[in-house]
Structure formats: structure tokens, C-alpha cells
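**Q** First the structure, which I've put down as C-alpha cells, then a few questions once you've had a look.
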Amino acid sequence: MQVKRNKNVSIRRRPSFVVLTAQTEALAGSSVKITGKDVIASWKVIVVSVAAPALYGFYALLYLIFLIKHRPNLSLRHKVRRAICVWAIQPILSYLLMRLGDTGLDTYKSIKPLFLAIRNPEAGEVIRQMRTDLSKDIIEFIHHHAPELNLEEHSDTESSLNDHGNPK
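Take 1237 as the starting number for the sequence shown in my numbering and just add one per residue.
The following block contains the structure:
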């Protein structure tokens, strides 16, 4: 798998480039791993735990340089305090923005079905029918492939569904 290297990527995307080799090595050395997602997650945490504070320190240093060049009326002590405050606030802001983005995405995803249901009330019945058909297909698949997978013949799947194939 060849990945195009980009030097100007955000802190969120940088670990993806770093963990590619670790994932490839883990997959090659294991007969159990299929995709190596656990390796990816571990390496992303490791890389971000080192890269994020370093990046925040770099931004604080740039801010200190800005203050030294453009705010001559402030004492050096005040300039350093401001730079330290910037360094300390950045992780908090990053966390809050991540939570806000996650919550906003969840809200966005939940509003679309609501608007579809208001605009087209029959869509709910179509979705219910699709769920019923899917439940029947899953039960049929399980019954067909249960002997191959050494599963019990009579599972709790049938007893947990009503006559229409919907969960009780």
C-alpha cells in the first residue's frame, strides 16, 4: 500500500502517515490480524501524545516572538506569561473543539431522518418493511450456515422476534 506523503498535514492526520509502517509490519508478522486497527490506534495515541505538546510549544514560541517584535511596551515577564497561557489553553481548546465537532456531527446525522420523516410520512413504513426483510434474511442466513459454523440449531434468534420478524 503506497501512501502519498504530504508535509503540510494537520496534527489530526499526521499519525496516519506515521503508523502505516507499523501496521504493515504487524500484519506481516501475525497470522491473526486482519486489518491491524489495534496497532493503528495505539500508534496514533503515541504519536499524538508527543506531537501535540511539541506543536503547542511551537505555537507558543511563535506567539512569544510576535509579542517581542510587535509589543515593545510589555515587559518580558508579561510576554512570557502570555505565551505560557497560550501553551496551556491550546489543549483545552483542542479538546472542546473535538467534542463540539463530534456532538455537532451526531446532531447533524440525527436531524436528517427527522426531516425525512416530516417531509414524507410513508418513509417510516418503508424503513420498517426494510428492517423486517433484513431480519428475515439474517435469520435465513443463520439457519443456512449454522451447521457449517457449528452453531446451535435452535438459537434464541427465533424466540426474540415476533411474527413480523421485528424484535419484541
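By construction, the Cβ of each residue, glycine as well, lies at the ideal position given by its N, Cα and C atoms.
Note that the coordinates shown come from a computational prediction; the quantities given were computed from them, not determined experimentally.
Express the C-alpha separation of Ile1354 and Arg1364 in angstroms, rounding to a whole number.
**A** The alpha-carbon atoms of Arg1364 and Ile1354 are separated by roughly 16 Å.
**Q** Which class does His1390 belong to by DSSP, given the choice of helix, strand or coil?
**A** Bear in mind that a pLDDT of 49 at His1390, under 50, signals an unreliable position, so the number given afterwards is only what the model happens to contain. In this structure, His1390 counts as coil in the three-state DSSP scheme.
**Q** Quick check: what's the CA-CA separation for Asn1386 versus Ile1374?
**A** Roughly 17 Å separates the two Cα atoms.
**Q** Verify the contact flag: Val1281, CB atom, against every heavy atom of the ligand ATP, threshold strictly below 8 Å.
**A** For the ligand ATP, the structure offers nothing, since it holds no ligand at all.
**Q** Can you give the Cα-Cα distance for Asp1338 and Ser1311, rounded to whole angstroms?
**A** Distance between the alpha carbons of Asp1338 and Ser1311 is about 41 Å.
**Q** What is the rounded straight-line gap between the Cα of Pro1405 and the Cα of Ala1324?
**A** Because the chain in this structure spans residues 1237 to 1404, residue 1405 falls outside the shown range and cannot be described.
**Q** Could you check what DSSP says for Leu1352 in three-state terms: helix, strand or coil?
**A** Here Leu1352 sits in helix by DSSP.
**Q** How many whole angstroms separate the CB atoms of Tyr1299 and Ala1319, which I take to be in contact at a CB cut-off of 8 Å?
**A** About 5 Å; that satisfies the 8 Å criterion.
**Q** To the nearest angstrom, how far is it from the Cα of Met1366 to the Cα of Leu1341?
**A** Computed Cα separation, rounded: 25 Å.
**Q** How about Lys1315 and Leu1303: do their beta carbons lie closer than 9 Å?
**A** The answer is yes: Cβ separation under 9 Å.
**Q** Do you know how far the Cα of Ser1371 is from the Cα of Glu1384?
**A** Rounded to whole angstroms, Glu1384 to Ser1371 spans 20 Å at the Cα level.
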